[in-house]
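Heads up: the sequence shown is residues -25 to -1, 1 to 433, going by mature numbering (1 follows the signal peptide of the UniProt record, and there is no 0).
Ideal Cβ placement from N, Cα and C applies to all residues, glycine included.
Here's the structure we're looking at; comments come further down.
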Amino acid sequence: MRLKLKTWILSFSVFALQIFTYSIALDVTQYGAVGDGVTDDSQAFLKAWEAVCGGAGDGQLIIPAGMAFMLQPLKFEGSCKSTPIVVQILGNLVASSRGKWKGDKDQWILFSDIEGLVVEGNGEINGQGSSWWEHKGSSRPTALKFKSCNNLRLSGLTHVDSAMAHIHINGCNDVTISHLRINAPESSPNTDGIDVAASSNVIIQDCVIATGDDCIAINSGTANIRISGIDCGPGHGISIGSLGKDGEIASVEDVCVQNCNFRGTMNGARIKTWPGGSGYARRITFNRITLDNVENPIIIDQHYNNGDSDESTDDKSSAVEVSKVVYSNFVGTSRSEYGVNFRCSKRVPCTEIFMQDVKIETESSGMGQVAQGQCLNVRGGVSTLAVPGLECLALSTDMLSWGTMPEQACMLPQPSVQPNTRPLQDPLWVYGSRAQRLGVYNVILTSLISFGFSYVLG
């Protein structure tokens, strides 16, 4: 009898321990956040961050569902004692309007110097950008910025109406971004979806992006970038650049964009560089792309000038070198008469430009009329089964002569470290008003095992 009693006590203790373990995650409302969409909850968020970064809450911070938190500019900085840090955004984050903005106009929310950061959830980040857009010439904040955050995971969220770019990744290595929805009006200026700079081993996949500028922009200092499953439109397409502004020495290499759709966008697959810059953009592949009424389906512009293209700048002494670019398996329609437009530098021509299985028709004809192509200063390219054809590209029926096939070039990179992100499970129930999550399934499983053990001993 005494043995059975001890065993039951042990079972109950294990049960209680499991509940304690799974309810340890911190909640911003524990630190005074109100969540009414009006009260400034910035200080409460900073207090919660200080606690979780310092090791409390098992490195897990919850922004609860059903609430809207108004925030002024915030900086969540590392390094942190816990790795990883998991931030679950289940409610809504709302920026202050321009007239009530306080502090830094470079960004609204910044995460910096955090190893193994996970930001996930089904909540919304609303930049309240409409009050900023009419002030196009003045400073406007990027909504969400990550700086020097290695092993970063961002997924599941909805991002709307940023004053400037919605998401900016800078100086981060081993990054995975997935299953985001990003929305801003087509007329909103400079509202890029995702900008990446000075980062490597970045995967962006399975996102729906509709903005007033680039859906995704890959900027200087980047390498090993893999983009797939993007539905883009409206917007300015997926861009490499712009590169080389103000004499910049640019570097972009090993970029793969595949299995993407462009719908009603200004551009599809674009590379844009400023005259007077230097450096390189090389080993870039666009593969399996669908086009629907796109103004410039395929474009390389080495005369880029803040949205315009000016050939009179070709007397500049330098340009960013564009080489080893593959366009493969394109199909769809162009809103303009030109489906392909290569406007390369006379001094630094584009080299090794390859096209295979490209079929672009004009949308306006309604009769399957083939779009035209323009080609300026391209050297050493090859084309096979490409419509429109280009005189500057040699015709070939042998894709193997190109070397690396697009499918091989587009293999996903393996992050150097696979962090144990320990994402929080969807709750079977929510405990208390502070949304402390209980790992009910594990609790039940552990309890059943314990009770079974007691039964055997009994």
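- Its Cα nearest to that of residue 90, the residue 58 stands out among 71, 324, 58, 364.
- Every beta strand (DSSP E) stretch that sits fully inside the stretch 148 to 220 and reaches 3 residues is listed by chain position as 148 to 153, 156 to 158, 169 to 172, 175 to 185, 191 to 193, 197 to 207, 213 to 218.
- The Cβ atoms of residue 111 and residue 146 lie no closer than 8 angstroms to each other.
- Taking every protein chain shown into account, the CB of residue 163 has 16 or more other CB atoms within 10 angstroms, so this residue is buried.
- Residue environment: residue 258 is assigned as buried (16 or more neighbouring CB atoms within 10 Å of its CB, all protein chains considered).
- For residue 18, the uninterrupted alpha helix (DSSP H) segment begins and ends at 17 to 28.
- Looking at the backbone, the Cα of residue 348 and that of residue 255 are separated by about 24 angstroms.
- Remark: three or more beta-carbon pairs, one from each stretch, lie closer than 8 angstroms, so the stretch 180 to 192 and the stretch 153 to 168 are flagged as touching.
- The beta carbon of residue 1 lies closer than 8 angstroms to those of 23, 26, 27, 31, 32, 35, 36, 37 in the same chain, with the five residues before and after it left out.
- Pairing residue 86 with residue 51 gives a Cβ-Cβ distance under 8 angstroms.
- For residue 151 against residue 171, the beta-carbon gap comes to about 12 angstroms, at or over 8 angstroms, which does not count as contact.
- Here residue 13 is exposed: its Cβ has fewer than 16 other Cβ atoms, across all protein chains shown, within 10 Å.
- The DSSP-derived three-state label of residue 248 is strand.
- Comparing C-alpha distances from residue 231 to each of 330, 178, 18, 266 shows the shortest one belongs to 178.
- Going by beta carbons, residue 368 and residue 358 fall inside the 8 angstroms limit.
- Closest in C-alpha terms to residue 298, from the list 272, 307, 249, 354, comes 354.
- Close CB contacts of residue 333 within its chain, under the 7 angstroms cut and outside five residues either way in sequence, are with 302, 305, 361, 362 (chain order).
- Beyond the five residues adjoining it in sequence on each side, residue 214 comes within less than 8 angstroms, by CB distance, of 189, 191, 192, 193, 242, 245, 246, 247 in the same chain, given in chain order.
- With contacts defined as CB atoms closer than 8 angstroms, residue 318 and residue 275 qualify as a contacting pair.
- In the structure shown, residue 344 falls within a coil segment according to DSSP collapsed to helix, strand and coil.
- The three-state reading of DSSP puts residue 106 in helix, counting H, G and I together.
- The alpha-carbon of residue 365 is positioned some 16 angstroms away from that of residue 324.
- Taking each of 300, 270, 238 in turn and checking the Cα distance to residue 228, the smallest one comes out for 300.
- Closest option to residue 124, judged by alpha-carbon separation, among 92, 103, 81: 92.
- Going by C-alpha positions, residue 11 is about 6 angstroms away from residue 42.
- With fewer than 16 other Cβ atoms inside 10 Å of its own Cβ, residue 109 counts as exposed.
- Counting other Cβ atoms within 10 Å of its Cβ, residue 29 stays below 16 and is therefore classed as exposed.
- By the CB criterion at 8 angstroms, residue 136 and residue 101 fall inside the cutoff.
- Burial state of residue 104 is buried, judged by a 10 Å Cβ sphere holding 16 or more other Cβ atoms.
- Boundaries of the beta strand (DSSP E) harbouring residue 99: 99 to 101, taken from the DSSP string.
- Taking a 10 Å sphere around the C-beta of residue 75, we find fewer than 16 other C-beta atoms and assign the residue as exposed.
- For residue 298, the enclosing beta strand (DSSP E) begins and ends at 296 to 309.
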